[in-house]
Amino acid sequence: MTAALPRADVAPVASAKRRRHAPGWLAVVPLLVFVAIAFGLPAVAIVNGAFSVDDATTGATTYTGANMTASLQGPYLTALLGSVKLSAISAALGALLGLPLAQAVVSSRSTWLREAVLTASGVLANFGGVPLAFAFVATLGNAGVLTVHLGLKDSGWDLYSFWGLVLVYLYFLIPLMVLTITPALDGLRSQWREAALNNGATGVQYWRHVALPVLAPSLLGGLVLLFGSAFAAYATAAAMVGSAVPLVTLQIADALSGNVLVGQENVALALSLDMVLVAGLVMAVYLPLQRRSARWLDA
């Protein structure tokens with residue numbers, strides 16, 4: 001006959017069984033509550049405002065698609081397309097310049113250089129807003145230090161233009177690309193390069209037929225991430241160019257503050273919804289690319 005377990009041993013066993021049978025989703029409840037409050041409620045407010053019109057006389061609310069229609073016409077459409085164009089060009093240049101810089105860091109034998117570049121990239125990728133705009137105005141503005149000493153103004157240089165804004169955006173997009181693509185470059189196995197060289201391939205052929213096809217999902221994912229960062233930027237452009245360059249974020253600010261027309265707050269919410277939809281499309285492209293890249297590099 002089996003002897004009964006002592007009471008001191010029964011309690012830990014029962015507690016362990018309760019822990020095993022406890023639902024795993026309970027651990028994520030705080031995160032779900034935070035997401036619902038921080039993101040869910042603002043999203044509901046944006047959608048509700050984008051499709052509603054308030055009657056100034058009666059105060060009644062009518063649901064309609066007029067705000068969304070207005071957000072895709074006239075200066076609002078111009079601003080939306082301007083933001084897409086600015087973000088696409090800035091992201092493409094940031095990816096094109098960030099990839100060789102990241103490769104130089106990864107292939108370097110100097111540990112301190114790698115750590116210094118990655119640390120600086122982490123700082124610069126998060127440096128934006130009014131301080132960044134002021135730094136460029138003081139350096140390359142109409143009366144900036146380099147503008148005066150190099151005579152750039154006589155050559156037609158204008159920081160407060162579309163291409164000036166592209167230059168400023170590259171200041172934080174290139175470091176962001178370095179941070180994004182470096183793990184993928186680390187995942188390239190040295191055996192692949194050795195096998196390609198042993199079979200008579202040149203360095204260019206290795207990159208063309210082996211490295212770049214493997215890195216393509218990460219490169220496209222980084223490009224999408226850079227596009228999203230540039231598309232959502234507001235403070236830098238607002239402080240530097242104002243309304244000189246039509247951007248959707250600046251149009252939203254003007255509509256909310258009534259700088260141009262009074263009573264356009266709901267149109268601003270419709271523009272915000274347009275941005276959310278564009279960001280959703282960007283993420284729909286980014287996530288599958290990241291999963292595919294992870295399968296290649298972890299294989």
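All residue numbers in the sequence shown are consecutive under our numbering, ending with 299.
All C-beta atoms, glycine included, are put in the ideal place defined by N, C-alpha and C.
Proximal residues to residue i (C-beta, below 8 Å), its chain only, five neighbours per side dropped
i    : result
F134 : A239
L185 : A102, Q103, V106 and L215
F127 : Y171 and F172
V282 : V224, F227, G228 and F231
M1   : Any reading at M1 needs caution, since the residue's pLDDT is 48, under 50, leaving its predicted position unreliable; the model's value is listed next. So the list is empty, once near-sequence residues are dropped.
V166 : L86, I89, S90 and L93
Beta-carbon contacts of residue i that lie in its chain and below 7 Å, excluding the five residues immediately before and after
i    : result
G222 : A95, M177, T180 and I181
R193 : Y206
L256 : E265 and A268
G300 : With the chain covering 1 to 299 only, the question about residue 300 has no answer from this structure.
G144 : V137 and A138
G122 : L179
Sheet register partners of residue i (DSSP bridge)
i   : result
S52 : Y63
Unbroken alpha helix (DSSP H) run spanning residue i, endpoints
i    : result
A78  : The question names Ala, but residue 78 in the sequence shown is Thr. It spans G74 to S107 - the alpha helix (DSSP H) in which T78 sits, taken as one unbroken run.
T180 : F162 to D186
L31  : V29 to V35
6 Å CB neighbourhood of residue i in its chain, flanking five on each side removed
i    : result
P131 : none
S52  : T61 and Y63
Subject >> contact_flag[the stretch 81-95, the stretch 166-180] where n(CB pairs < 8 Å) is 3 or more >> reply: Taking a contact to require three or more Cβ pairs closer than 8 Å, the stretch 81-95 and the stretch 166-180 qualify as touching.
Original post:
If you scan the stretch 113-159 from start to end, which runs of the alpha helix (DSSP H) of 4 or more residues do you find wholly inside it?
Top reply: Whole alpha helix (DSSP H) segments, 4+ residues: 129-140 and 145-150.
Original post:
Going along the chain, which unbroken runs of the alpha helix (DSSP H) with 4 or more residues stay wholly within the stretch 195-280?
Top reply: The qualifying runs are 203-206, 212-232, 235-240 and 248-257.
Original post:
Counting pairs of Cβ atoms below 8 Å between the stretch 271-283 and the stretch 63-72, do you hit three or more?
Top reply: The way I'd put it, the stretch 271-283 does touch the stretch 63-72; three or more beta-carbon pairs between them come closer than 8 Å.
**OP:** Say whether the stretch 241-255 touches the stretch 79-88, bearing in mind that this needs 3 or more beta-carbon pairs closer than 8 Å, one atom from each stretch.
**Re:** Output reads yes: the stretch 79-88 touches the stretch 241-255.
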